[in-house]
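**Student:** So the sequence shown is numbered by this note's numbering: it starts at 43 and just counts up by one. The beta carbon of each residue, even a glycine, is placed where N, CA and C say it ideally should be.
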Amino acid sequence: MASEAPPFWWEEPDWKVLALSPLSAVYALVAGRGMRRARREKIDAPVLCVGNFTVGGTGKTPVAIALAQQAKRMRLKPGFLSRGHGGSFAEPHVVDAHHDAAKHVGDEPLLLAEHAPVAVTPNRAAGARLLIEKQGCDFLIMDDGFQSARIHIDYALIVVDARYGIGNGRVIPGGPLRAKIVDQLVFTSGLLKIGEGTAADAVVRQAARAGRPIFEAHTEPSSTAGLAGMRFLAFAGIGHPDKFFDTVRGAGGEVVLSKPFPDHHFYAEDELAELAVTARAEGLRLITTAKDAVRLRHGASQDFLDRLEVLEIDTVFELDHVPERIIEETLDAWRQRKLRG
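#1: Kindly indicate the opening and closing residues of the alpha helix (DSSP H) around Ile183.
#2: Given this structure, state the Cα-to-Cα distance separating Asp305 from Leu381, to the nearest angstrom.
#3: With which residues is Thr261 paired in a DSSP beta bridge?
#4: Between the C-alpha atoms of Asn210 and Arg125, what's the straight-line distance to the nearest angstrom?
#5: Straight-line CA distance for Lys145 to Arg337?
#6: Can you tell me the Cα-Cα spacing of Val358 and His260, whole angstroms?
#7: Please identify the residue among Lys58, Gly292 and Asp185 whose C-alpha is closest to the C-alpha of Ser265.
#8: Assess, as a yes-or-no matter, whether the segment 177 to 187 is touched by the segment 158 to 169 under the definition of 3 or more beta carbon pairs within less than 8 Å.
#9: Roughly how far, in whole angstroms, is the beta-carbon of Phe277 from the beta-carbon of Thr230, given that I think they are within contact range, below 8 Å?
#10: Roughly how many angstroms separate the alpha carbons of Tyr309 and Gln378, rounded to a whole number?
#11: Rounded to whole angstroms, what's the CA-CA distance from Ala335 to Asp196? Just pull it up for me.
#12: Going by DSSP, what residue range makes up the beta strand (DSSP E) through Phe277?
#13: Quick one: complete beta strand (DSSP E) runs, 3+ long, within the segment 151 to 185?
#14: On the criterion of 16 or more Cβ atoms from any shown chain inside 10 Å, does Gln344 qualify as buried, or is it exposed?
#15: If you draw a straight line from the C-alpha of Leu317 to the C-alpha of Leu275, how long is it?
#16: Taking 9 Å as the cut-off, decide whether the C-beta atoms of Pro218 and Trp57 are in contact.
#17: Among Gly101, Val72 and Gly216, which has the Cα closest to the Cα of Leu62?
#18: From Asp225 to Lys176, what distance separates their C-alpha atoms?
#19: Taking a contact to mean a Cβ-Cβ separation below 9 Å, would you say Leu123 touches Ile368 in this structure?
#20: Can you give me the Cβ contacts of Arg273 inside the same chain, cut-off strictly under 6 Å, excluding the 5 residues immediately before and after it?
#21: Whole angstroms is fine: what's the gap from Asp284's alpha carbon to Glu133's?
#22: Could you spell out the range, first to last residue, of the beta strand (DSSP E) harbouring Pro302?
#23: Whole-angstrom Cβ separation of Leu154 and Ile107, contact assumed at under 8 Å?
#24: Since Gly121 contacts Val201 with CB under 8 Å, what's their CB separation in whole angstroms?
#25: As a quick exercise: from Phe257, Glu311, Glu83 and Ala67, pick the residue whose alpha carbon is nearest that of Gly237.
#26: My output table needs one value for Ala50: the three-state DSSP class, helix, strand or coil.
#27: Report buried or exposed for Leu269, applying the criterion of at least 16 other Cβ atoms within 10 angstroms of its Cβ.
#28: Less than 7 Å between C-beta atoms, sequence neighbours within five positions excluded: which residues of the same chain meet that for Val352?
#29: Please classify Pro104 as buried or exposed, where buried requires at least 16 neighbouring CB atoms within 10 angstroms.
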């Protein structure tokens, strides 16, 4: 299985979707009501949420990093709020990028921590206070948590993948939506379409009709040095591994063999051994994502890590002024919130 999400979520609705529709209806009702009635604590700093409508990877983390970099250029001190997928800390914890393991804080927080302080905790209000009081952060970027966080969001930027869109358009468990689009759009400040494809066109039109600004961006490798003409065994445990394999090809590498794993996958010793043996037997180089690499830091042998190529990606906005606009609108919303008390 290439992802934790069932394959039928990304296909035309079939009998499975029909059979699950009563459960989807109940889930949608509860999720929508939860978003409308949630009591959200107001934080003493601007809060920008980078979220998505669906379960599964849409490229939120590189977007959050790009916005943090812009915040720094604007002389702000950003900090990230993350639940920390699979993390084990009971209390709010500031991530140490050099010593913390992914199994303790999650993989995405380790990537974020290379760019700004990160607090991992399901209690994002407590995490926010920790970043403000102990790290001196004056601008908070929440990676995910759009539907569930119990803090006030000044600007909600929703990321949608142009290739996959919102899948079959059904709510969990019949599809990947976390709530009905109409319920989620009420709390959406702007929509960011990532990549090429037409799968997101319908939801983009729906957001535009609701008066939400539409932005566009794409991802590209941070560096393509040493990739052109090289033959790879590519592996990835992310939401949509095929996107990574295509990125390697786009950077000039030849993906001779590809091995997808579930999102956030922690690699067993025998899996790594099989990858290494196969690559050696076929005369291939190993390559993976930055997200997979942070999970491997405390699980793979040094020999495996020495042989591993890591392809990092950046989010590039189609219009250069968009990141600054998003941050300025977040700041404006926060100022208005402060004036209202």
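**Tutor:** Considering the structure as presented:
#1: Taking the sequence shown and counting its residues from 1, one reaches residue 183 at position 141. That residue, Ile183, is in no alpha helix (DSSP H); its beta strand (DSSP E) goes Phe181 to Asp185.
#2: Locating residue 305 in the sequence shown gives position 263, where the first residue counts as 1. Locating residue 381 in the sequence shown gives position 339, where the first residue counts as 1. Each residue's Cα considered, the two are about 42 Å apart.
#3: Mapped onto the sequence shown, residue 261 falls at position 219. DSSP, once it has assigned bridges, lists Thr357 as partnering Thr261.
#4: The sequence position of residue 210 within the sequence shown is 168, counting from 1. The sequence position of residue 125 within the sequence shown is 83, counting from 1. Roughly 27 Å between the two C-alpha positions.
#5: Residue mapping note: residue 145 aligns to position 103 of the sequence shown, counting from 1. Residue mapping note: residue 337 aligns to position 295 of the sequence shown, counting from 1. For Lys145 and Arg337, the distance between alpha carbons rounds to 7 Å.
#6: What you label residue 358 is simply residue 316 of the sequence shown in a count that begins at 1. What you label residue 260 is simply residue 218 of the sequence shown in a count that begins at 1. Cα to Cα, Val358 sits roughly 5 Å from His260.
#7: Within the sequence shown, residue 265 is the residue found at index 223, counting from 1. Nearest of Lys58, Gly292 and Asp185 to Ser265, Cα basis: Gly292.
#8: yes
#9: Position 235 of the sequence shown holds residue 277. Position 188 of the sequence shown holds residue 230. Incorrect: roughly 34 Å between the Cβ atoms, too far for contact.
#10: Position 267 of the sequence shown, counted from the first residue, corresponds to residue 309. Position 336 of the sequence shown, counted from the first residue, corresponds to residue 378. Going from the Cα of Tyr309 to the Cα of Gln378 covers about 47 Å.
#11: As a first step, residue 335 must be located in the sequence shown, where it is residue number 293. As a first step, residue 196 must be located in the sequence shown, where it is residue number 154. Using only the alpha carbons, I get a separation of about 33 Å.
#12: For the purposes of this step, residue 277 is identified with residue 235 of the sequence shown, where counting begins at 1. Phe277 -> beta strand (DSSP E) spans Arg273 to Ala278.
#13: 160 to 162 and 181 to 185
#14: Locating residue 344 in the sequence shown gives position 302, where the first residue counts as 1. It is exposed - the Cβ of Gln344 has fewer than 16 other Cβ atoms within 10 Å.
#15: In the sequence shown, counting from the first residue as 1, residue 317 sits at position 275. In the sequence shown, counting from the first residue as 1, residue 275 sits at position 233. Each residue's Cα considered, the two are about 8 Å apart.
#16: Looking up residue 218 in the sequence shown gives position 176. Looking up residue 57 in the sequence shown gives position 15. No.
#17: Reading the sequence shown from its first residue, position 20 is the one you call residue 62. Of the candidates Gly101, Val72 and Gly216, the one whose C-alpha sits nearest the C-alpha of Leu62 is Gly216.
#18: Here residue 225 is taken as the residue at index 183 of the sequence shown, counted from 1. Here residue 176 is taken as the residue at index 134 of the sequence shown, counted from 1. Straight-line Cα distance between these residues: approximately 36 Å.
#19: Walking along the sequence shown from the start, residue 123 turns up at place 81. Walking along the sequence shown from the start, residue 368 turns up at place 326. Cβ atoms of Leu123 and Ile368: not closer than 9 Å.
#20: Your numbering for residue 273 matches position 231 in the sequence shown. So the list reads Glu296, Val298 and Leu326, once near-sequence residues are dropped.
#21: By one-based count along the sequence shown, residue 284 stands at place 242. By one-based count along the sequence shown, residue 133 stands at place 91. Taking the straight line from one Cα to the other gives about 36 Å.
#22: The sequence position of residue 302 within the sequence shown is 260, counting from 1. First-last of the beta strand (DSSP E) with Pro302: Glu296 to Pro302.
#23: On the sequence shown, position 112 is the one that residue 154 refers to. On the sequence shown, position 65 is the one that residue 107 refers to. Sure, about 7 Å apart at Cβ, within 8 Å.
#24: For the purposes of this step, residue 121 is taken as residue 79 along the sequence shown, with counting starting at 1. For the purposes of this step, residue 201 is taken as residue 159 along the sequence shown, with counting starting at 1. The pair is not a contact, with the Cβ atoms about 20 Å apart (cut-off 8 Å).
#25: Locating residue 237 in the sequence shown gives position 195, where the first residue counts as 1. When each option's Cα is compared against that of Gly237, the closest is Phe257.
#26: On the sequence shown, position 8 is the one that residue 50 refers to. It should be noted that the sequence gives Phe, not Ala, for residue 50. Helix at Phe50.
#27: The residue you call residue 269 lines up with position 227 of the sequence shown. Flag for Leu269 reads buried.
#28: Taking the sequence shown and counting its residues from 1, the one referred to as residue 352 is at position 310. Excluding positions up to five away in sequence, the list reads Thr330, Ala332 and Ala335.
#29: Numbered from its first residue, the sequence shown carries residue 104 at position 62. Pro104 should be labelled buried.
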